[in-house]
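Q: Same order as they appear, the protein sequences are chains Y and Z.
If you're matching positions, the first sequence starts at 316 in this note's numbering and goes up one per residue.
If you're matching positions, the second sequence starts at 316 in this note's numbering and goes up one per residue.
Can you keep this structure in mind? I'll have questions shortly.
There are 2 protein chains.
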Amino acid sequence: MSTQTRRERERAERERAIIAAARDLALAEGWDAVTTRRLAAEIEYSQPVLYSHFRGKDAIMAAVAVEGFAELATALAAARASAADPRQAVADVAAAYTTFAEQRPALYDAMFTLAVDLPFASQDVPTDLARGFAELAEAVRPAAGDDDLEAVTETFWSGLHGLVTLMRGGRLRRADHDRRLAVLVDRFSR
Amino acid sequence: MSTQTRRERERAERERAIIAAARDLALAEGWDAVTTRRLAAEIEYSQPVLYSHFRGKDAIMAAVAVEGFAELATALAAARASAADPRQAVADVAAAYTTFAEQRPALYDAMFTLAVDLPFASQDVPTDLARGFAELAEAVRPAAGDDDLEAVTETFWSGLHGLVTLMRGGRLRRADHDRRLAVLVDRFSR
DNA sequence: CAGTATTCCTAGCGGTGCTAGAGTTCTGGC
DNA sequence: GCCAGAACTCTAGCACCGCTAGGAATACTG
């Protein structure tokens, strides 16, 4: 029994090491730099070991994304909790969202633009993802009016996502970001 | 002189053939299926010929994207021109935008999510891109209020872009698209 | 027709994600 | 304590990718 548990523990640790290595490498050099060979070298095992933990590279990226959902949800919750009034809550949550995306671009990509593989059908992802979504929903609730809250939240979210992705793709000038964010916040807080 | 011009003409035709092949292949099977080997086979030349026309695969994708900008601008202009009133113009332009993205996903990706290579620094792209952007701007102008028109337009655009990309990434249910679009249009037309 | 310039292709480089099969280590019953 | 069998990990390789050097074939010029 004891050796059995030890092996399982070591296996779990190695799995976390893979995810951590993938995450660090992606954050430092982007997802293009994350190859199965480099990952294997990083954890000091051979390539095939990766495939005994994950179905493939996409699944590894999905695992990294899962961590991101938890972080984002926490950041949004903190932003909303510290806001003085409802209008400010929308502004703070929006700022927290774009800041998160800007500071962890690789993580954000894994969460929302790449890796359609598993995360949205898995079990623990919806939990953290739903937490983040709920923060957005509570922020915009006062300004939803007669509209369906879910639709308003999803649309607000789309606005944030669009701002972030277009800016990082070089389609929007970074200098005007605050002005655009103010417009979006204004449209969803009155 | 005549042989010279004939050669130049043939070269230009071959270049268009490359772009057309890339476009067709991307629309039919996605950009992952567009490899330099398949492109070469399609135009019935060897691989290196591609590199005498374009710097690399990214440049080919950029050329495809350029065509897309012109099409999108035309679609938006038509939508705005046929709208009965200003409020309807926003709705129609928004619908035209998302329809374009939905019907030509590969083209849309080349334009707005991939290929940061040349298009935004080139010459003819800004023309067609600016045309499309101007259509959006004119549509939302009546509802801009005191806000800077450019900022409002960019934010509206971001909203559309976010809706499109999140939906295609499987993050938003396709069934609720119209409802979300209505929310966005409402927020940018009053 | 000979020599030159241009065009184009063959072959190959270093890289990718992924996998079959061999080899090694560990486990548990005698 | 030994040894068959199970569990594990590695080496080597597949088919593919974008891209390029260098030579063969073609077309043009005098």
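Built from N, CA and C at the ideal position, the CB exists for glycine as well.
Taking all protein chains shown into account, do 16 or more other C-beta atoms lie within 10 angstroms of the C-beta of residue 464 of chain Z, making it buried, or fewer, making it exposed?
A: Start at 1 with the first residue of the second sequence, and residue 464 of chain Z comes out as number 149. By the 10 Å Cβ count, residue 464 of chain Z comes out exposed.
Q: Under 8 Å between C-beta atoms, does residue 409 of chain Z make it to chain Y?
A: The residue given as residue 409 of chain Z occupies position 94 in the second sequence. By this cut-off, residue 409 of chain Z is not an interface position.
Q: Starting from residue 474 of chain Y, find everything on chain Z with Cβ-Cβ shorter than 8 Å and list it in chain order.
A: Here residue 474 of chain Y refers to the residue found at position 159 when the first sequence is read from its first residue. For residue 474 of chain Y, the neighbours in chain Z by C-beta distance under 8 Å run, in chain order, 470, 473, 474, 477, 499.
Q: Under 7 Å between beta-carbons, which chain Y residues line up against residue 494 of chain Z? List them in chain order, please.
A: By one-based count along the second sequence, residue 494 of chain Z stands at place 179. Going along chain Y in sequence order, the residues near residue 494 of chain Z (Cβ under 7 Å) are 463, 466.
Q: Grouping DSSP H, G and I as helix and E and B as strand, with all else coil, what is residue 398 of chain Z?
A: The residue labelled residue 398 of chain Z in the question sits at position 83 within the second sequence. Note: residue 398 of chain Z maps to coil in three-state DSSP.
Q: I need the straight-line Cα distance from residue 415 of chain Y to residue 390 of chain Y, nearest angstrom please.
A: The residue you call residue 415 of chain Y lines up with position 100 of the first sequence. The residue you call residue 390 of chain Y lines up with position 75 of the first sequence. If you draw a straight line from the Cα of residue 415 of chain Y to the Cα of residue 390 of chain Y, it comes to about 8 Å.
Q: Can you check whether the C-beta of residue 402 of chain Z is within less than 8 Å of a C-beta belonging to chain Y?
A: Counting from one through the second sequence, the residue named residue 402 of chain Z turns up at place 87. It does not; no Cβ of chain Y falls within 8 Å.
Q: Output the distance between the C-alpha atoms of residue 379 of chain Z and residue 337 of chain Z, rounded to the nearest integer angstrom.
A: Taking the second sequence and counting its residues from 1, the one referred to as residue 379 of chain Z is at position 64. Taking the second sequence and counting its residues from 1, the one referred to as residue 337 of chain Z is at position 22. Computed Cα separation, rounded: 7 Å.
Q: Determine the chain Z residues that contact residue 503 of chain Y at a beta-carbon separation under 8 Å, and present them in chain order.
A: By 1-based counting over the first sequence, the position of residue 503 of chain Y is 188. Near residue 503 of chain Y (Cβ distances below 8 Å), the residues of chain Z are 502.
Q: Whole angstroms is fine: what's the gap from residue 426 of chain Z's alpha carbon to residue 340 of chain Z's?
A: Looking up residue 426 of chain Z in the second sequence gives position 111. Looking up residue 340 of chain Z in the second sequence gives position 25. Roughly 16 Å separates the two Cα atoms.
Q: From what residue to what residue does the alpha helix (DSSP H) around residue 347 of chain Y run?
A: In the first sequence, residue 347 of chain Y corresponds to position 32, counting from 1. Neither: residue 347 of chain Y is in no alpha helix (DSSP H) and is coded neither H nor E.
Q: The segment 332 to 357 of chain Y: which residues have C-beta closer than 7 Å to a C-beta of chain Z, in chain order?
A: none
Q: Under 8 Å between the Cβ atoms of residue 491 of chain Y and residue 466 of chain Z?
A: As a first step, residue 491 of chain Y must be located in the first sequence, where it is residue number 176. As a first step, residue 466 of chain Z must be located in the second sequence, where it is residue number 151. The beta carbons of residue 491 of chain Y and residue 466 of chain Z sit closer together than 8 Å.
Q: Using the three-state DSSP reduction, which class does residue 428 of chain Y fall into: helix, strand or coil?
A: Translated into positions along the first sequence, residue 428 of chain Y becomes position 113. Secondary structure of residue 428 of chain Y (DSSP, three-state): coil.
Q: What's the C-alpha gap between residue 429 of chain Y and residue 405 of chain Y?
A: In the first sequence, counting from the first residue as 1, residue 429 of chain Y sits at position 114. In the first sequence, counting from the first residue as 1, residue 405 of chain Y sits at position 90. Near 27 Å, if we compare the C-alpha coordinates of residue 405 of chain Y and residue 429 of chain Y.
Q: Just to confirm, are residue 396 of chain Y and residue 411 of chain Y a CB contact at a threshold of 8 Å?
A: On the first sequence, residue 396 of chain Y is found 81 positions in, with the first residue counted as 1. On the first sequence, residue 411 of chain Y is found 96 positions in, with the first residue counted as 1. No; because the gap between Cβ atoms is not below 8 Å, this pair is not in contact.
Q: Could you tell me the boundaries of the alpha helix (DSSP H) in which residue 493 of chain Y lies?
A: By 1-based counting over the first sequence, the position of residue 493 of chain Y is 178. Here the alpha helix (DSSP H) through residue 493 of chain Y covers 492 to 502.
Q: Roughly how many angstroms separate the alpha carbons of residue 462 of chain Y and residue 500 of chain Y, rounded to a whole number?
A: The sequence position of residue 462 of chain Y within the first sequence is 147, counting from 1. The sequence position of residue 500 of chain Y within the first sequence is 185, counting from 1. Straight-line Cα distance between these residues: approximately 17 Å.
Q: In its own chain, which residues sit with a C-beta less than 7 Å from the C-beta of residue 332 of chain Z, not counting the 5 before and 5 after it?
A: Numbered from its first residue, the second sequence carries residue 332 of chain Z at position 17. Around residue 332 of chain Z: 358.
Q: When the Cα atoms are used, what is the spatial distance from residue 477 of chain Z to residue 321 of chain Z?
A: Taking the second sequence and counting its residues from 1, the one referred to as residue 477 of chain Z is at position 162. Taking the second sequence and counting its residues from 1, the one referred to as residue 321 of chain Z is at position 6. Approximately 46 Å between the Cα atoms of the pair.
Q: Do you know how far the Cα of residue 474 of chain Z is from the Cα of residue 367 of chain Y?
A: Your numbering for residue 367 of chain Y matches position 52 in the first sequence. Your numbering for residue 474 of chain Z matches position 159 in the second sequence. C-alpha separation (whole angstroms): 41 Å.
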